[in-house]
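Written below as structure tokens is the structure these notes are about.
Below you can see the structure in the form of structure tokens.
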């Protein structure tokens with residue numbers, strides 16, 4: 001465990017050891033951002049909309065009390081979405097989608113000697129291949145989390161009003177009441193931390209693959225499980241430190 | 244010229260290379276010959292710096308490479324072209340982009356200069372109309388040609404080929420061998436080829452190093468390899484029935 005962590009730290013150091021020019025890294029980062037961001041929009045949209053809808057319906061079910069105003073449902077959907085569901089659930093979904101894709105892609109490049117080909121040319125393969133993926137994730141994850149926040153709250157609105165649990169006015173009043181702007185900052189900080197963990201752990205697992213197709217599959221699986229665990233631990237630490 | 248001196252390498256306590264020394268001459272196709280598992284590819288990787296030898300040194304045209312400063316090693320690496328066993332073309336790039344890649348990364352050429360060089364290299368390896376094809380759309384032989392084009396694109400001084408004709412039909416294998424030999428002589432580069440193919444030995448072996456169990460047992464040329472008295476090399480050469488039959492015919496003729 002400690003040995004793996006040490007190797008992971010050395011791997012992160014190697015990204016900057018003899019970095020490629022900033023121009024090349026910038027172009028590759030934009031390419032990767034498009035790849036990670038655009039390809040994840042649909043899954044993030046679907047998951048967050050339904051999470052918002054389900055949250056609204058379940059909160060309404062639990063708050064079936066004449067003394068509690070119905071607008072509380074909207075308030076709770078907003079708070080749960082901003083503080084936890086949008087950043088954490090989106091990151092866990094992305095750990096599956098982006099993490100496995102990064103690990104699988106790098107693993108395949110490793111076993112087909114494409115990484116060696118870069119090294120022989122005198123290119124720092126870690127810096128050229130991995131750094132743009134991490135930077136792109138840092139850039140794109142917060143955007144996807146913001147999208148998830150909007151869609152999740154919208155999902156709650158649609159589900160709440162269509163099911164007749166509360167009126168549109170009650171929901172709107174709930175999501176506007178007692179708003180703390182810091183919660184959004186907190187969610188975005190978490191998304192950046194999760195982006196770094198997912199992209200770097202997946203890259204580490206993929207980059208250090210050796211063997212054949214079986215090992216590439218194993219690296220992808222390990223990348224996803226390790227990333228999810230890291231996200232959950234980081235989620236707890238962020239909540240303790242920042243709230 | 245590349246010189247290697249007393250190269251040792253072990254993995255998990257198992258000795259793979261056991262004190263190999265030699266000189267690979269410029270303008271010649273130098274072959275590392277041996278059966279599978281004798282350490283040929285590991286030696287090649289030690290020379291290009293992908294694997295660090297436990298003991299020993301590698302010198303490129305008088306410049307010490309192993310354990311030298313990073314920028315000096317980088318400078319030497321930029322003069323190296325390498326053809327990998329599986330070609331190692333970048334999957335996400337077209338043939339043209341693959342050949343252009345080292346030019347983009349290692350030179351100051353502008354786009355039109357790069358494209359001129361790419362087209363020249365592709366033409367040189369006989370692939371005029373494959374620019375926009377993806378690696379997955381071309382045959383194994385074509386991949387090897389693209390690999391050679393990519394290796395020679397930045398005017399490499401040293402060319403390394405790891406089993407360049409493995410997995411190819413005999414005719415294509417000979418074509419690839421001849422192409423490597425032509426390029427070596429034409430551009431006066433130092434070429435090292437890892438092979439276990441006797442056809443390659445006979446066709447293009449300007450200089451041959453025979454490895455056996457991590458040691459260099461014999462060194463010579465394709466003209467005198469048949470005259471060697473090393474039992475292990477004899478066994479290797481005549482493992483093939485065709486070679487045995489040819490030897491039998493020759494022996495009978497001599498009698």
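Residue numbers (the numbering used here), protein chains in the order written: chain R, 1 to 243; chain V, 244 to 498. Beta carbons are placed, not taken as given, at the ideal position from N, Cα and C, and that holds for glycine. Bear in mind that the values here come from a model prediction, so they are computed numbers and not experimental data.
Residue i burial status per 10 Å Cβ neighbour count (16 or more: buried)
| i | result |
| --- | --- |
| residue 256(V) | exposed |
| residue 484(V) | exposed |
| residue 464(V) | exposed |
| residue 488(V) | exposed |
| residue 341(V) | buried |
| residue 209(R) | buried |
| residue 478(V) | exposed |
| residue 236(R) | exposed |
| residue 149(R) | buried |
| residue 295(V) | exposed |
| residue 254(V) | exposed |
| residue 41(R) | exposed |
| residue 176(R) | exposed |
| residue 405(V) | buried |
| residue 378(V) | buried |
| residue 103(R) | buried |
| residue 110(R) | buried |
| residue 244(R) | This structure leaves residue 244(R) out entirely; chain R is present only between 1 and 243. |
| residue 472(V) | exposed |
Reference residue i, options the options, closest by Cα
| i | options | result |
| --- | --- | --- |
| residue 112(R) | 67(R), 211(R), 57(R), 140(R) | 211(R) |
| residue 60(R) | 121(R), 167(R), 41(R), 138(R) | 167(R) |
| residue 55(R) | 152(R), 182(R), 190(R), 11(R) | 152(R) |
| residue 25(R) | 87(R), 189(R), 136(R) | 136(R) |
| residue 563(V) | 245(V), 488(V), 455(V) | Only positions 244 to 498 of chain V appear in this structure, which leaves residue 563(V) out of reach. |
| residue 73(R) | 57(R), 115(R), 83(R) | 57(R) |
| residue 307(V) | 354(V), 324(V), 244(V) | 244(V) |
| residue 120(R) | 331(V), 378(V), 365(V) | 331(V) |
| residue 430(V) | 278(V), 438(V), 336(V), 398(V) | 398(V) |
| residue 126(R) | 17(R), 5(R), 6(R) | 17(R) |
| residue 63(R) | 77(R), 218(R), 226(R) | 77(R) |
| residue 97(R) | 180(R), 224(R), 229(R) | 224(R) |
| residue 325(V) | 291(V), 297(V), 460(V) | 291(V) |
| residue 287(V) | 311(V), 419(V), 481(V), 251(V) | 251(V) |
| residue 409(V) | 400(V), 285(V), 344(V), 440(V) | 440(V) |
| residue 32(R) | 84(R), 133(R), 44(R) | 133(R) |
| residue 157(R) | 108(R), 222(R), 174(R) | 174(R) |
| residue 117(R) | 356(V), 403(V), 355(V), 376(V) | 403(V) |
| residue 313(V) | 108(R), 123(R), 229(R) | 123(R) |
| residue 160(R) | 14(R), 53(R), 48(R) | 53(R) |
| residue 391(V) | 345(V), 357(V), 414(V) | 345(V) |
| residue 466(V) | 353(V), 481(V), 444(V) | 444(V) |
| residue 480(V) | 262(V), 277(V), 414(V) | 277(V) |
Close beta carbons around residue i, own chain, < 6 Å, minus the five adjacent residues each side
| i | result |
| --- | --- |
| residue 321(V) | 349 |
| residue 170(R) | 70, 71 |
| residue 37(R) | 140 |
| residue 191(R) | 87, 141, 142, 145 |
| residue 267(V) | 245, 273, 433, 435 |
| residue 45(R) | 151 |
Span of the alpha helix (DSSP H), counted from its first residue to its last, around residue i
| i | result |
| --- | --- |
| residue 128(R) | Segment: none, residue 128(R) is in no alpha helix (DSSP H) and carries neither H nor E. |
| residue 261(V) | Where residue 261(V) is concerned, there is no enclosing alpha helix (DSSP H), although the beta strand (DSSP E) it sits in stretches over 257-267. |
| residue 115(R) | 114-120 |
| residue 248(V) | Here residue 248(V) belongs to no alpha helix (DSSP H); instead the beta strand (DSSP E) covers 245-254. |
| residue 446(V) | 441-447 |
| residue 463(V) | Segment 458-463 is the beta strand (DSSP E) holding residue 463(V); no alpha helix (DSSP H) there. |
| residue 498(V) | Where residue 498(V) is concerned, there is no enclosing alpha helix (DSSP H), given that its DSSP letter is neither H nor E. |
| residue 183(R) | 182-207 |
| residue 220(R) | 213-242 |
Own chain, CB closer than 8 Å to residue i, minus 5 neighbours either side, in chain order
| i | result |
| --- | --- |
| residue 272(V) | 423, 424, 427, 434, 436, 447, 448, 449, 450 |
| residue 270(V) | 427, 428, 431, 432, 433 |
Continuous beta strand (DSSP E) stretch holding residue i: start and end
| i | result |
| --- | --- |
| residue 502(V) | Nothing in the structure corresponds to residue 502(V), since chain V is present only between 244 and 498. |
| residue 469(V) | Run containing residue 469(V): none; DSSP gives neither H nor E here. |
| residue 325(V) | 323-326 |
| residue 481(V) | Neither: residue 481(V) is in no beta strand (DSSP E) and is coded neither H nor E. |
| residue 301(V) | 298-303 |
| residue 309(V) | No beta strand (DSSP E) contains residue 309(V), which DSSP labels as neither H nor E. |
| residue 380(V) | From DSSP, residue 380(V) is part of no beta strand (DSSP E); its letter is neither H nor E. |
| residue 276(V) | 272-276 |
| residue 433(V) | 433-438 |
Cβ-based neighbour list, residue i, same chain, cut-off 7 Å, excluding 5 preceding and 5 following
| i | result |
| --- | --- |
| residue 8(R) | 204 |
| residue 417(V) | 442, 446 |
| residue 376(V) | 337, 338 |
Residue i Cβ short of 8 Å to the ligand PLP heavy atom set
| i | result |
| --- | --- |
| residue 6(R) | By its list of ligands, the structure shown contains no ligand whatsoever, and the ligand PLP lies outside what it can speak to. |
Entirely enclosed beta strand (DSSP E) segments - the stretch 389-414 of chain V, minimum 3 residues: Within the stretch 389-414 of chain V, the complete beta strand (DSSP E) runs of at least 3 residues are 401-405.
Could you tell me which whole beta strand (DSSP E) segments of length 3 or greater appear in the stretch 332-376 of chain V? Runs found: none.
Completely contained beta strand (DSSP E) runs for the stretch 43-101 of chain R, where each covers 3 or more residues: The stretch 43-101 of chain R contains no whole beta strand (DSSP E) run of 3 or more residues.
Which residues, in chain order, does the stretch 116-137 of chain R contribute to contact with chain B at a C-beta distance below 7 Å? Looking for chain B here will not work: the only protein chains present are R and V.
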